[in-house]
Structures are given as structure tokens and as C-alpha cells.
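**Student:**
Residue numbers (my numbering): 357 to 618.
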């Protein structure tokens, strides 16, 4: 594991050479611009089409690695269905038409969410209940981020052991220790069609750092979009627009990256 995060200045993501690649994608802040409310984002037909083409060219070796649930990812990108690790890997669908394997939430999570929501009830903070994960979005009220973080840290004492607090760019989340994007990447890399390919991961937030570590350990390409602090990612892209353009330039029209017949 790389325990020495790099400075904020990173080289731009390079053009990829010919090879067999596996692609892992965060959603919010990477493929979609953040919104004040998670439900306010939208997916363009162009992005949906691009991802479909990339999935076909890579022989299905494409997966979302996201904090959103599998159900929400499917709804956002409908009718496109990709492989997904949702809730930071606590639930996953290893094949586009396969079953969703999910984790249960502790019984006291709902009560904690209610208490935090009552404390922060100003109409601008959004409390997102995602089973075993509690997310507090303060993008519309950045002045409440410190208080939200404090409340979530206090809530740790009321949950079973094995939970942690993950701060983000515009919010904070409470989640089980096993919710880790790196573990989700490794799960996919152990199965077809990912096995034997070189992984690439695009993410934008603190929760993606664990995924970058797994990619680096596998000799892959880790790219952070709009980096705002220390990161173990190797490269950067300045914003969502450039991230999508990079994906199109490297995966959409390059026959060298398409799946080779076995």
C-alpha cells in the first residue's frame, strides 16, 4: 500500500498504449457534475452512448465503483446496464444481468440518521440513507460540514464495532470498514472478463483513494479528477468534461483497445 500521498500537482492523464485494459469508474464528480441534491444529477444521451461503446470494445471489462446503490446507478444510466460495485462495494452485481448481492444495515442506523437529521434540519443539508451507509451532503450548506462531521464521529460510539467516518469534498459518510473501493476492484479483477487485463480507475474523492491504492498495486493507471488534496493517484484530469473527453479519446474509437478474440 502506498502510504505517502503525492502532492496536489500531478501529471495529466496520458494517452494509453495498446493493450488489454479493464476500466473502473466512479460516477459523481467523475462522470457527472455534483449537484446540491444527489437526485438532481442527470446523464446525457452522449455519455450513455459513450459508455455503451466502451463496454462493447472492452468486452464487458467495465464497472462502476460508486457510493450509490446498484439500483440508483441502473436508474441513472437506463437502459444501459454495466457491472456495478455499489455502496463502496457493500453490494455488487458481477454481470450486467446477474443478481445483486447486498449488505444489511444495523438496526440502529435509522435512529442515528433521524437524530442527525433533526440536528441539522435547515432545509439545505441532505441526509442520504443507503442501508449500512449514512451520507450527509452539505454542498448547499458548506458552513455545516464541520458540524455534520462532528455528529457523525459521535455516532460511531453508538454503532457496532467496524464502522468508520469518511470525509468528502462536500459532505461526510459513516460506513462499515469493509466498504472499500479497493476490495471491489480486486473482486472484479479476479473474474472474467477482467482477469489478465491492466486496470484503470477514475475517481474524484477521498473514498476513491482506497481504489487508487488497489490499482497501483496491480500495476494499473490511477487518475483523480479535479484533485483537491493529497492523493495516491498517479495522474489527474482537471474536471468532468476532460474526464469524459479522455475516455472517448482512449476507448471509444481505438480498435487497439477492443477485445481480442481468444
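Positions of the beta carbon are idealized from the N, C-alpha and C atoms, including for glycine.
1. Taking the CB atoms as reference points, tell me whether residue 538 and residue 561 lie closer together than 7 Å.
2. Quick check for students: name the residue ranges of the alpha helix (DSSP H) that lie wholly in the stretch 567 to 608, counting only runs of 4 or more.
3. Nearest-angstrom Cα distance between residue 547 and residue 503?
4. Under the rule that 16 or more other beta-carbon atoms within 10 Å means buried, what is residue 534, buried or exposed?
5. Residue 591 and residue 600 - do their beta-carbons sit closer together than 7 Å?
6. Using the Cα positions of residue 540 and residue 390, report the straight-line distance between them to the nearest angstrom.
7. Quick one: is residue 448 buried, meaning 16 or more other Cβ sit within 10 Å of its Cβ, or exposed?
8. Is it true that the CB of residue 426 sits closer than 7 Å to the CB of residue 608?
9. Compare the C-alpha of residue 382 against each of 573, 550, 536, 552 and name the closest.
10. One question on the structure: do residue 495 and residue 526 come within less than 7 Å of each other, judged by their Cβ atoms?
11. Which complete beta strand (DSSP E) runs does the stretch 533 to 569 hold, if anything under 3 residues is left out?
12. Starting from the Cα of residue 551, find the closest Cα among 583, 514, 450, 393 and give me that residue.
13. Which residues share a DSSP beta bridge with residue 507?
14. Which residue wins for smallest C-alpha separation from residue 414, given the options 471, 400, 438?
15. Which of the three DSSP states is assigned to residue 394 in this structure?
16. Can you tell which of 375, 440, 402, 399 has the C-alpha that lies nearest to the C-alpha of residue 543?
17. Give the DSSP bridge partners of residue 433, in chain order.
**Tutor:** So, to answer that:
1. For the pair residue 538 and residue 561, the CB atoms are not nearer than the 7 Å cut-off.
2. Segments of the alpha helix (DSSP H) lying fully in the stretch 567 to 608: 596 to 603.
3. In this structure, the alpha-carbon of residue 547 lies about 42 Å from that of residue 503.
4. With fewer than 16 neighbouring CB atoms inside 10 Å of its own CB, residue 534 falls in the exposed class.
5. Pairing residue 600 with residue 591 gives a Cβ-Cβ distance that is not under 7 Å.
6. Between the C-alpha atoms of residue 540 and residue 390 there is a straight-line separation of about 23 Å.
7. By the neighbour-count criterion, in which a residue is buried when 16 or more other Cβ atoms sit within 10 angstroms of its Cβ, residue 448 is buried.
8. No, the pair does not count as a contact, with Cβ atoms beyond the cut-off.
9. The residue with the shortest Cα to Cα distance from residue 382 is 536.
10. A contact, by the Cβ cut-off of 7 Å.
11. Within the stretch 533 to 569, the complete beta strand (DSSP E) runs of at least 3 residues are 554 to 559.
12. Per the Cα distances, 450.
13. Residue 507 pairs with nothing; no bridge assigned.
14. Residue 438 is the option with its Cα nearest to residue 414.
15. The three-state secondary structure of residue 394, taken from DSSP, is helix.
16. The shortest C-alpha separation from residue 543 is found at 440.
17. None, per the DSSP bridge assignment.
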